[in-house]
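What follows is one structure encoded as structure tokens, with my remarks underneath.
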Ligand code: KG4
Ligand code: ZN
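Numbering (the numbering used here), first residue to last: 2 to 597.
Written out as structure tokens, the structure reads:
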């Protein structure tokens, strides 16, 4: 039985041999497409508008559903004909690189090597395929060329392609952040009945729509073909290897055909960089090509708050839950990550228990439901309360929630067997449960972030970006906005206290080097701006093509692109913990052409 790895996603798929043949009969998948045009600058949550998908899935044999998708780290062999082919078949390694520290750990015991539970950085370390850390050290100046700009034409355009999991996203974005055209085909209805993303089906669905998505994004941008963009970017990891390959082969083919610069994009970096979409072109300003004051009609740069490096990022999606310091493009320091479930995953599972939404639609459904509920109705434990680190854990909350649902269900007369998964619960009870879950889930975020913010302040950081699918949640935005305000006030108080102490010392004639230093520190601290929250518009938080095009733009603006030859995908691709200075990075990357 193969264990399929869902790198950077939330499911392990344990495929039973008897399903392989059955799944193979699936063919001719058709996906309706959802093309999203225009740019919407709103922080309000848009109800999930997912495309209708023609049902083409096989029916599951009775009693099999849960078994198939049970998370497992057990080893198995792979079948090249299974819907999961292309995925590394081996068992999770007992040895891995911790992305926050790059130290290697090995666990051995009486039962042999075990998968460690306390790693940080890669949400589900289930794929032992090619392993290479991502860092700016590997960037190469203009490896496959750079877009040509001029005084008359200061901007360039990039076609971005995203197929790392269950969304086929394509977009054309201009280098000043203007989204020219985008197209998105989501597969959630395909995977709905399976309770998780089925890699083989995801790959087929990507393959069936990729060309039309590219065409749709290009036409919305008013372009005839990919030969009219200046560069092509594509997500090459982390994610489902066979899905990544669909986008990557398409992008490479187009780049080769039209002789365009090519950029290999890191999915998590693309999420983080969305907080910077619309960042004025400093390089262009420096070169005196154009003053980026007001934006043209339809532009976004002047209307969105932007995260400038360095900034703190909370990356919360279906497969990831981490706090990072973003130092620059290709330079990240992971401060904390999840020890078990990602937040989006917890939302999705809670939604499943309440039978609202399914798959990645679970989060938005929970959020809507929670708006009508009492967040104090059900007592749930706040995870890792008092723990002095920046890690997350949502498995305990998920289990406590499951027990709470069962308790309520039983109290309402539904037996454990009879009323399954809260289906019989009345609307208000479900809303109360959802609100209670969300309240505690956000409390955990607040606890961790407050600590991280305190730490990062010392490094001159005062911007918090919230990115990834879960960042679309309005309640999270509101609470984290309040957290930023709270932290700003708290910091001011800390400074005032410090000053009062210094004055007291001075009054007593005890001015020492320490008090002088404290005065200086207080003065510096006072100058620091308030904490600012930056959250991309909801539809740009979930996976999409814009984020890929934008990440490629960020890299190209610095003068980097990637070679086409030998470019492969990376199911796992953790951030290296880069502490190196930019000059050192550039020295490693070598010379090359100057910035575009
Ligand atoms: O970033 P994303 O599209 O895919 C991954 O890279 O995982 O994130 C999808 C996740 C899903 O778990 C979905 O339930 C969650 O984001 N999500 C939300 C909301 N919108 C999406 N969770 C809570 N509230 C939302 N409004
Ligand atoms: Zn994502």
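A virtual CB, placed ideally from N, CA and C, is assigned to each residue, including glycine.
So what does DSSP say about residue i, is it helix, strand or coil?
| i | result |
| --- | --- |
| residue 169 | strand |
| residue 352 | helix |
| residue 240 | coil |
| residue 267 | strand |
| residue 363 | helix |
| residue 578 | strand |
| residue 314 | strand |
| residue 498 | helix |
| residue 217 | helix |
| residue 402 | helix |
| residue 212 | helix |
| residue 492 | helix |
| residue 546 | helix |
| residue 144 | strand |
| residue 561 | strand |
| residue 232 | strand |
| residue 395 | coil |
| residue 107 | In this prediction, residue 107 has a pLDDT of 35, which is less than 50 and means its spatial position is unreliable; nothing more can be read from the coordinates. |
Hey, is residue i close to ligand 2, as in C-beta under 7 Å from one of its heavy atoms?
| i | result |
| --- | --- |
| residue 349 | no |
| residue 234 | no |
| residue 445 | no |
| residue 248 | no |
| residue 192 | no |
| residue 207 | no |
| residue 571 | no |
| residue 267 | no |
Return yes when the C-beta of residue i is under 7 Å from any heavy atom of ligand 1, and no when it is not.
| i | result |
| --- | --- |
| residue 318 | yes |
| residue 365 | yes |
| residue 435 | no |
| residue 271 | no |
| residue 346 | yes |
| residue 368 | yes |
| residue 361 | yes |
| residue 171 | no |
| residue 469 | yes |
| residue 474 | yes |
| residue 322 | no |
| residue 166 | yes |
Exposed or buried, residue i, counting other C-beta atoms within 10 Å across all chains shown (16 or more means buried)?
| i | result |
| --- | --- |
| residue 412 | exposed |
| residue 428 | exposed |
| residue 337 | buried |
| residue 578 | buried |
| residue 264 | buried |
| residue 405 | buried |
| residue 226 | exposed |
| residue 212 | exposed |
| residue 550 | buried |
| residue 414 | exposed |
| residue 552 | buried |
| residue 555 | buried |
| residue 459 | exposed |
| residue 389 | exposed |
| residue 178 | buried |
| residue 545 | buried |
| residue 195 | buried |
| residue 158 | buried |
| residue 143 | buried |
| residue 530 | exposed |
Is residue i near ligand 4, with its Cβ less than 7 Å from a heavy atom?
| i | result |
| --- | --- |
| residue 543 | Because ligand 4 does not appear in the structure shown, any question about it cannot be addressed here, the ligands present being ligand 1 and ligand 2. |
Practice task
Check whether the region 429-443 touches the region 371-381, taking contact to mean three or more Cβ pairs, one atom from each stretch, closer than 8 Å.
Solution key: Output reads yes: the region 371-381 touches the region 429-443.
Problem - Three-pair Cβ contact test at 8 Å for the region 149-157 versus the region 570-578 - result: Touching, no.
Practice task
Give, in chain order, every unbroken run of the beta strand (DSSP E) that is at least 3 residues long and sits entirely within the region 418-481.
Solution key: The region 418-481 contains these whole beta strand (DSSP E) runs: 464-468.
Exercise for the section: Decide yes or no for the touch test of the region 210-223 against the region 170-179: beta carbon pairs closer than 8 Å, at least 3 of them. Expected result: As far as the Cβ criterion goes, the region 210-223 touches the region 170-179, which means the pair count is three or higher.
Problem - the region 253-260 / the region 444-457 touching (three or more Cβ pairs under 8 Å) - result: Judged by pairs of C-beta atoms under 8 Å, the region 253-260 does not touch the region 444-457, as fewer than three such pairs exist.
Practice task
Could you say if the region 231-238 and the region 551-571 meet the contact criterion of at least three C-beta pairs nearer than 8 Å?
Solution key: Contact check between the region 231-238 and the region 551-571: three or more CB pairs, one atom from each, fall below 8 Å, which counts as touching.
Problem - Segment contact, 8 Å Cβ cut-off, at least three pairs: the region 534-542 with the region 459-466 - result: Touching, yes, given that three or more Cβ pairs across the two stretches are closer than 8 Å.
Problem - the region 342-350 in contact with the region 312-320 per 3-pair CB rule at 8 Å - result: Counting Cβ pairs under 8 Å, three or more are found: they touch.
Practice task
Could you tell me whether the region 238-252 touches the region 153-167, using the rule of 3 or more Cβ pairs below 8 Å?
Solution key: Yes, they touch.
Handout entry: Cβ contact (3+ pairs, closer than 8 Å) linking the region 349-363 and the region 323-338
Key = Contact between the region 349-363 and the region 323-338 is absent, because fewer than three Cβ pairs lie under 8 Å.
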